[in-house]
Amino acid sequence: MPLSPKQRHFLRGLAHTLKPVIIIGQQGLTPNVKNEIDQALTHHELIKLRVNAEDRIQRRQLIETMVSEANAELVATIGHIAVLYRPNPKKHKIQLVKS
């Protein structure tokens, strides 16, 4: 389900007003954090996360791990903030624009 540039742009616009719902601290991706990410994506479809990692490389690795384990799409990253999208298979809240 790769997103087209138009769809990413649309989702970035929707995410602009969102506040980070999950903050990943020093302990990284614990099972509880993974569960919270999964629940937030199921309920909201589009979420913002704050990743407090020591350096850029570690932050990037955490984000990539989150995306792959949550079966989500990375919409954008700005500094410590990442925006993830995963459509709810039962009830879509966000209608994406066509590619």
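When the letters of the sequence shown are read in order and numbered with our numbering, they come out as residues 1 to 99.
Every residue, glycine too, gets a C-beta built ideally from N, C-alpha and C.
No experiment lies behind these values; they were computed from the predicted model shown.
Limits of the beta strand (DSSP E) - the one that residue i falls within
i: A76; result: 73-78
i: I23; result: 22-24
Residue interval of the alpha helix (DSSP H) (run including residue i)
i: A53; result: Taken as a continuous stretch (DSSP letters only), A53 belongs to no alpha helix (DSSP H), as it is neither H nor E.
i: N88; result: Where N88 is concerned, there is no enclosing alpha helix (DSSP H), given that its DSSP letter is neither H nor E.
i: K6; result: 5-15
i: L41; result: 31-44
Paired residues, beta bridge with residue i - DSSP
i: A82; result: L49, T77
Distance, residue j Cα to residue i Cα
i: P89; j: R56; result: 33 Å
i: I37; j: T77; result: 16 Å
i: H16; j: A82; result: 11 Å
i: H9; j: T30; result: 30 Å
i: N97; j: R59; result: According to the sequence provided, residue 97 is Val. The question's Asn does not apply to it. Using only the alpha carbons, I get a separation of about 30 Å.
i: A53; j: Q95; result: 33 Å
i: V33; j: I22; result: 8 Å
Nearest-angstrom beta carbon gap, residue j and residue i [assumed within contact, 8 Å]
i: I62; j: L74; result: As written in the sequence, residue 62 is Leu, which differs from the Ile given in the question. At roughly 12 Å, the Cβ-Cβ gap does not stay under 8 Å, so L62 and L74 are not in contact.
i: L49; j: L14; result: Actually they are not in contact, since the Cβ atoms of L49 and L14 sit about 15 Å apart, beyond 8 Å.
i: H92; j: V51; result: Contact flag wrong, Cβ pair sits at about 27 Å.
Interface flag, residue i vs chain D, CB-CB below 8 Å
i: E64; result: In the structure shown, chain D does not exist; there is a single protein chain.
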